Amino acid sequence: FGVLVVYVVGPYISYSMLAISCMTLTLLYIITFSFMPESPYYLLIINDEKEAYKSLNWLRGGKGKPYVDDEMEKIKCSIKTQLREKGSIKDVFYNRGNRKALIISEVYAVSKRLTGAGVLQAYVSITLPPLTFGLFNPNDCV
Numbered sequence: 031f032g033v034l035v036v037y038v039v040g041p042y043i044s045y046s047m048l049a050i051s052c053m054t055l056t057l058l059y060i061i062t063f064s065f066m067p068e069s070p071y072y073l074l075i076i077n078d079e080k081e082a083y084k085s086l087n088w089l090r091g092g093k094g095k096p097y098v099d100d101e102m103e104k105i106k107c108s109i110k111t112q113l114r115e116k117g118s119i120k121d122v123f124y125n126r127g128n129r130k131a132l133i134i135s136e137v138y139a140v141s142k143r144l145t146g147a148g149v150l151q152a153y154v155s156i157t158l159p160p161l162t163f164g165l166f167n168p169n170d171c172v
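Residues in the sequence shown are numbered consecutively from 31, following my numbering.
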């Protein structure tokens with residue numbers, strides 16, 4: 031989202047105003063999420079059931095005890111299963127689904143680097159001819 035804001039708003043305001051606008055969005059994010067409770071999953075892992083219950087109830091909009099209790103039990107079962115069945119690095123290579131996900135993500139990462147997408151993105155406003163594309167100039171197309 032930040033890159034989009036810089037490309038859309040950046041050409042029309044000064045650098046200092048652009049920095050202030052980006053800082054404002056960051057501060058808004060920090061202030062907003064400081065009120066977000068900790069994850070019930072994390073709280074159950076560190077054995078804080080009371081806080082996990084309060085957190086889950088808040089995240090579910092205060093739906094009440096039956097709904098929250100049912101989901102708490104599901105989370106507890108999930109945690110017990112994960113703690114009982116410790117994974118290893120071999121699971122990434124021996125499990126077909128994990129191997130497929132690894133290959134897809136690595137091919138994406140390598141192709142992004144080898145295609146020069148970053149360089150193209152950085153210099154496309156300079157390399158585009160100084161023509162207008164309908165209502166847009168080269169900087170707007172980036």
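Don't be surprised by glycine CBs; every beta carbon is placed ideally from N, CA and C.
If you're wondering where the values come from, they're calculated on a predicted model, not measured in any experiment.
Asked	Found
Collapsed DSSP secondary structure at Thr145 in the structure displayed	coil
Alpha-carbon to alpha-carbon, Glu103 and Tyr37	46 Å
CB contact flag (Pro70, Ser51, <7 Å)	no
Straight-line Cα distance separating Val140 from Ile134	10 Å
Contacting residues, own chain, Cβ-Cβ under 8 Å from Ile119 (five flanking each side not counted)	none
Cβ pair Ile109, Leu74 closer than 7 Å	yes
Alpha-carbon to alpha-carbon, Gly148 and Glu68	36 Å
Leu128 burial status per 10 Å Cβ neighbour count (16 or more: buried)	Note that residue 128 is Asn in the sequence shown here, rather than Leu. When all chains shown are included, Asn128 counts as exposed.
Start-to-end residues for the alpha helix (DSSP H) that takes in Gly32	Gly32 to Val39
C-alpha gap between Ser64 and Trp88, whole angstroms	14 Å
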